[in-house]
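Everything in the sequence shown is counted per UniProt numbering, starting at 1 for the first residue and increasing by one.
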Amino acid sequence: MFLPHSQKRDSGLEPAMAALAASLRVPARRRRCSRSSSAGRAGGPGAGPGAGRAQRRLPHAGPGRAGPCRRCRRLLGRTAKVTGPGGVHDAPRGLAGPRHRPGSRGRPRGRSPSRSLLQRSTAGAAQLRAGFLHTEHELREPKAVSQADMKVEILPALTDNYMYLLIDQDTREAAIVDPVQPQKVLDAVKKHGVRLTTVLTTHHHWDHAGGNEKLVKMEPGLYVYGGDSRVGALTHRVSHLTSLKVGSLSVKCLSTPCHTSGHICYYVTKPNSSEPPAVFTGDTLFVAGCGKFFEGTPEEMYRALIEILGSLDPRTRVYCGHEYTINNLKFARHVEPRNPNIHEKLAWAKAKYDSGEPTIPSTIAEEFTYNPFMRVREKSVQEHVGDSDPVRVMGAIRKEKDNFRVPRD
């Protein structure tokens, strides 16, 4: 079940979405796709004998689904590597340049969105790439996690991203983590009546840092922190164990290179408080998973997960960058089919997802019970790989996860 998306949209994104929806001849807020069962080749519903022409009505995105449908791939083209302010990413060819796959015979049938449509939109390319491929009602609802010393407002963004508004309860000063949709951030700031002073950027990828420039134009004077010169609108470059303040909250920067070379996690505590700390992990640590090793090695991810994040207070609440929990737990179940913690967490996560609630946060202690990437020293995970060296096990299960076909249960 998916809940309607009721949050205010960025003004630049709405006309582009509406124009594309008109080209598809279906309403913008209710657009759904007919996906061929042949999508099973990409990890979607499995195709079997006699299933070649069968059609199923499926929403664009969700756990275990395989991306845009055949009709939308014809409309937008497939994907191309494009370079933007956030780095190199996959983008639909209809937005990125040539609309045909190299080596294919001619262009795909159907038409791509007109160049003038894209030029007229004031939304960033990152938001367009996300908005064109997914229906907005698949976003999660916001959720606040409150305690005496701090409040964290979980703000869903794009299709599966999370931004986080960190509020110091004493001073009402706030920081935003990875503000990819600035208008949604400012709406939350206004709702809570707080003073936004700080941007904490985990890494430079467009779906995390792509809103920095727009946000600082809308709200001048912000301090923008990050560990990489590729972070947009950066004012303060940080390194491992750099400390800063958000009101009376202490923020310690933890360098966790691997997903990107400049990735930073932010560990937040309140001096003399008995409340649990918080850590914002971006794409290093997910619930039951970790990020791909785009710019690093298994050794670096082992150090990030086990030696750095794993050494934090076990009660620390983990706020990660994406809603990947269900698929991650299905892979964890594949690695450790007899681990009851995985089965229990998966049932819980499915119930949360179906009710439109985030599965965030987890805790460091919980991650050690079901996250295979934090359990590389456990005998059951090592037996799955057939190796007793935890670093080699880390590399092996990451490679296996990269090629894992998610079951549709």
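Note that CB positions come from ideal geometry on N, CA and C, so glycine has one too.
Reference residue i, options the options, closest by Cα
i: TYR267; options: LEU249, ALA144 and GLU378; result: LEU249
i: LEU155; options: VAL287, LEU165 and SER146; result: LEU165
i: LYS190; options: HIS205, ALA174 and LEU200; result: ALA174
i: ASN151; options: PRO257, ILE167, PRO361 and GLU336; result: At residue 151 the sequence reads Lys, which differs from the Asn that was named. Minimum Cα distance to LYS151 is reached at ILE167.
i: ILE176; options: GLY310, SER243 and TYR223; result: TYR223
i: HIS204; options: GLU300, MET394 and GLY262; result: GLY262
i: THR198; options: GLY282, LYS352 and GLY221; result: GLY221
i: GLU300; options: GLN183, LYS184, ALA148 and MET394; result: MET394
i: CYS320; options: TRP348, ILE306, ARG338 and THR281; result: THR281
i: VAL287; options: ARG303, ASP187, ASP387 and ALA365; result: ALA365
i: SER255; options: ASN272, GLY227, LYS270 and ARG237; result: GLY227
i: residue 411; options: ALA209, GLU153, THR159 and ASP187; result: The shown model of the chain, from 1 to 409, leaves out residue 411, and the question about it has no answer.
i: GLU141; options: GLN147, ASN161 and ASP149; result: ASN161
i: LYS184; options: HIS192, THR201, ALA157 and THR202; result: ALA157
i: SER380; options: SER146, ALA351, PRO340 and THR201; result: PRO340
i: LYS350; options: LYS270, ASP409 and ASP402; result: ASP409
i: residue 416; options: ASP187, ARG237 and HIS192; result: Past the boundaries of the shown model lies residue 416; the chain is included only from 1 to 409, so the question cannot be answered.
i: ASP402; options: PHE331, LEU346 and THR369; result: PHE331
i: ALA188; options: ALA144, VAL216, SER229 and THR202; result: ALA144
i: THR202; options: PRO271, LEU346 and MET163; result: MET163
Nearest-angstrom Cα separation, counted from residue j out to residue i
i: VAL279; j: SER239; result: 16 Å
i: VAL376; j: GLU344; result: 20 Å
i: MET218; j: GLU323; result: 27 Å
i: LYS214; j: PRO298; result: 35 Å
i: VAL385; j: LEU241; result: 34 Å
i: LEU234; j: GLU336; result: 42 Å
i: TYR225; j: PHE404; result: 35 Å
i: TYR353; j: THR325; result: 9 Å
i: GLY310; j: LEU285; result: 10 Å
i: ASP207; j: PRO257; result: 18 Å
i: ASN212; j: GLY296; result: 25 Å
i: GLY247; j: PHE293; result: 34 Å
i: SER274; j: GLN169; result: 15 Å
i: VAL231; j: ARG338; result: 42 Å
i: ILE342; j: ARG333; result: 6 Å
i: ASN327; j: THR260; result: 22 Å
i: ALA304; j: PRO182; result: 29 Å
i: ARG195; j: LEU244; result: 17 Å
i: PRO276; j: GLY291; result: 24 Å
i: THR159; j: LYS252; result: 29 Å
i: GLN382; j: ILE264; result: 28 Å
i: ASP149; j: ILE308; result: 24 Å
i: GLY289; j: LEU329; result: 8 Å
i: ASP389; j: THR363; result: 26 Å
i: GLN147; j: ASP387; result: 42 Å
i: GLU378; j: ARG172; result: 43 Å
i: LEU186; j: ARG392; result: 44 Å
i: residue 423; j: TYR302; result: Nothing can be reported for residue 423: it is not among the residues displayed for the chain, which extend from 1 to 409.
Start-to-end residues for the alpha helix (DSSP H) that takes in residue i
i: ILE326; result: 325-335
i: LYS352; result: 340-354
i: LEU186; result: 182-192
i: VAL216; result: 212-218
i: LYS379; result: 379-385
i: ILE397; result: 390-402
i: GLU300; result: 298-302
i: HIS205; result: HIS205 -> no alpha helix (DSSP H), and no H or E assigned at all.
Opposing strand residues paired with residue i [DSSP bridges]
i: VAL145; result: VAL152
i: ILE176; result: LEU165 and VAL199
i: LEU254; result: CYS265
i: PHE280; result: TYR266 and TYR319
i: residue 413; result: No statement about residue 413 is possible, as the shown extent of the chain runs from 1 to 409 and does not include it.
i: PHE286; result: GLY289
i: ALA157; result: ASN161
i: THR363; result: ARG317
i: LEU249; result: VAL246
Range of the contiguous beta strand (DSSP E) that encloses residue i
i: LYS245; result: 243-246
Is the region 346-358 touching the region 313-320 in the sense that three or more CB pairs, one from each, lie closer than 8 Å? no
When the Cβ atoms of the region 397-408 are set against those of the region 363-379, are three or more pairs found closer than 8 Å? yes
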